[in-house]
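Trainee: All residue numbers for the sequence shown refer to the working numbering, where the first residue is 4 and numbers rise by one. Just so you know, even glycine gets a beta-carbon here, dropped at the ideal spot from N, CA and C.
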Amino acid sequence: MSNRVVYFNGEFVSESEARVSIFDSALMFGDMAFEMTRTYRQKPFRLRHHLERLYGSLRLLEIDCGLTIDDMERLTLATLEKNIPTESDDMDWQIMHDVSRGPLGIYKSAFTGSIQPTVSINCWPLITHTGGFAATYETGIDIIIPAQQAVPAHLVDAKAKTRSRLHYQMAQLQAARTGEGKWPVLLDPDGFLAEGTGNNIFLVKDGVIFTPEPRNILLGVSRGATIELARGLGIEVRETNLGRLEALMADEIFCTATTFALVHAVRFEGQAIGDGKLGPIFQRLMAAWKELAGIDFVAQAQDYAKLLPEWEAKALVGR
Ligand SMILES: Cc1ncc(COP(=O)(O)O)c(C=O)c1O
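So, in structure tokens, the structure goes:
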């Protein structure tokens with residue numbers, strides 16, 4: 004059993020004791036907002052941006068979690084502080100917020116007291132995530148368009164980050180069927196590029212960066228940071244509608260997300276992108292990202308990859 008603790012409905016409990024009820028609306032409807040933040044050098048990266056997005060998602064879902072955003076921030080930092088000593092000093096962390104409206108009212112007799120929203124904050128060592136990802140920084144990704152489309156904003160707004168994610172799961176299953184390591188990027192119902200199942204996409208053409216307009220996509224915190232960095236470097240960024248053709252004609256393609264920050268693509272729908280190597284704009288952005296993060300997170304992921312088998316073996320023994 005790990006020594007990690009989780010903030011769960013008003014108290015800190017051991018990770019193995021944090022359990023969501025089978026009657027929870029999250030289980031019944033995928034009715035839960037969530038966030039995934041990471042640390043760099045054990046400090047949360049843009050936590051406030053993540054929490055603002057969380058509180059936006061909660062407003063959309065009409066969930067009052069009973070905590071102010073300042074409370075949530077304080078509790079997040081407290082949860083992280085309690086977990087940091089369980090690992091070595093060079094461990095970075097994933098911080099996950101999960102909030103639902105709680106168990107459905109029809110089952111209230113199964114609970115003592117009134118039904119409350121379910122609020123949890125957990126911290127997980129990033130070694131499993133970025134250690135497992137390290138090789139991808141080298142190889143780049145191979146993007147395919149799955150049959151599954153993105154859900155348009157007029158049905159469910161993708162700008163809210165919710166656990167209602169069956170369409171992403173279907174896209175992943177379809178991508179996996181086309182070959183190992185394929186990355187799905189979903190089209191929206193108008194045939195424009197939307198996003199990956201957990202990342203945003205960028206194209207580069209003639210020195211200009213293009214990314215899908217903020218319509219049928221999650222506005223990634225890393226997407227925002229990338230746009231800021233690019234503009235800071237004097238690179239033009241356009242948010243616009245992009246199709247398969249623009250992707251096939253791009254000089255560079257890359258994706259962004261919290262865990263890995265950014266990764267380049269080498270193929271799109273079976274065709275090589277540019278010369279198939281790291282593009283110059285991507286390289287400038289990667290350098291700027293490392294400076295922003297205050298750490299060479301690619302080297303860190305490579306170190307984690309080496310340590311991962313031992314870390315996992317220890318975690319098993321600890322059970
Ligand atoms: C569907 C989707 N798009 C994009 C992203 C990237 O967002 P961020 O950069 O905030 O991690 C995520 C992250 O999980 C996601 O789930």
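#1: Alpha helix (DSSP H) containing glycine 194: first to last residue?
#2: With 16 other CB atoms within 10 Å as the buried threshold, where does serine 225 fall?
#3: The beta strand (DSSP E) that contains methionine 94, what's its start and end?
#4: Is the stretch 91–109 in contact with the stretch 24–41, if contact means three or more CB pairs nearer than 8 Å?
#5: In terms of alpha-carbon separation, which member of Ala174, Val154, Ala264, Lys185 lies closest to phenylalanine 205?
#6: List the residues that DSSP assigns as beta-bridge partners of isoleucine 212.
#7: Based on the DSSP output, what are the partners of alanine 233 in its beta bridges?
#8: If I follow the unbroken beta strand (DSSP E) through serine 123, where does it start and stop?
#9: So what does DSSP say about histidine 267, is it helix, strand or coil?
#10: Checking contacts by CB at 8 Å: is serine 28 closer than that to chain D?
#11: Do the CB positions of proline 192 and alanine 174 come within less than 8 Å of each other?
#12: Return the chain-ordered list of same chain residues with a C-beta closer than 8 Å to the C-beta of glutamate 272, the five sequence neighbours on each side being excluded.
#13: Looking at the secondary structure, which residues open and close the beta strand (DSSP E) in which threonine 261 lies?
#14: Taking all protein chains shown into account, do 16 or more other C-beta atoms lie within 10 angstroms of the C-beta of glycine 143, making it buried, or fewer, making it exposed?
#15: Going by the beta-carbon positions, is the gap between glutamine 97 and leucine 50 smaller than 8 Å?
#16: Going by alpha carbons, who is nearest to aspartate 67 out of Ala36, Ala268, Pro312, Ala296?
#17: In three-state terms, what does DSSP make of glutamine 286?
#18: May I ask you to list the residues that DSSP assigns as paired with arginine 41?
Mentor: Inspection of the coordinates gives the following:
#1: Stepping through the sequence shown from its first residue, residue 194 is reached at position 191. For glycine 194, no alpha helix (DSSP H) run applies, since DSSP gives it neither H nor E.
#2: To locate residue 225, count along the sequence shown from 1; it is residue 222. By the Cβ neighbour-count rule, serine 225 is buried, with 16 or more other Cβ atoms within 10 Å of its own.
#3: The sequence position of residue 94 within the sequence shown is 91, counting from 1. For methionine 94, no beta strand (DSSP E) segment is defined, and its DSSP state is neither H nor E.
#4: Under the Cβ criterion (8 Å, minimum of three pairs), the stretch 91–109 counts as touching the stretch 24–41.
#5: Looking up residue 205 in the sequence shown gives position 202. Of Ala174, Val154, Ala264, Lys185, the smallest CA-CA separation from phenylalanine 205 is found for Ala264.
#6: Here residue 212 is taken as the residue at index 209 of the sequence shown, counted from 1. Beta-bridge partners assigned by DSSP to isoleucine 212: Val207, Val240.
#7: In the sequence shown, the residue the question calls residue 233 occupies position 230. Among the bridge pairs identified by DSSP, alanine 233 is matched with none.
#8: Looking up residue 123 in the sequence shown gives position 120. Judged by DSSP secondary structure, serine 123 falls within the beta strand (DSSP E) whose first and last residues are 121–128.
#9: Residue mapping note: residue 267 aligns to position 264 of the sequence shown, counting from 1. DSSP, read as helix, strand or coil, puts histidine 267 in strand.
#10: Protein chain content of the structure displayed is limited to a single chain, and chain D is not contained in it.
#11: As a first step, residue 192 is located in the sequence shown; it is residue number 189 there, counting from the start. As a first step, residue 174 is located in the sequence shown; it is residue number 171 there, counting from the start. In this structure, proline 192 lies away from alanine 174, with their beta-carbon atoms at least 8 Å apart.
#12: Translated into the one-based positions of the sequence shown, residue 272 becomes position 269. The residues are Ile146, Ile147, Ile148, Arg247, Ala250, Leu251.
#13: Indexing the sequence shown from 1 puts residue 261 at position 258. Premise fails: threonine 261 is in no beta strand (DSSP E) and is neither H nor E.
#14: Here residue 143 is taken as the residue at index 140 of the sequence shown, counted from 1. So glycine 143 ends up on the buried side.
#15: Here the question's residue 97 lines up with position 94 in the sequence shown. Here the question's residue 50 lines up with position 47 in the sequence shown. No. Outside cutoff.
#16: Here residue 67 refers to the residue found at position 64 when the sequence shown is read from its first residue. Measuring from the Cα of aspartate 67, the nearest candidate turns out to be Ala36.
#17: On the sequence shown, residue 286 is found 283 positions in, with the first residue counted as 1. Correct three-state label for glutamine 286: helix.
#18: Along the sequence shown, one-based indexing puts residue 41 at 38. Under DSSP, arginine 41 forms a beta bridge with Gln97.
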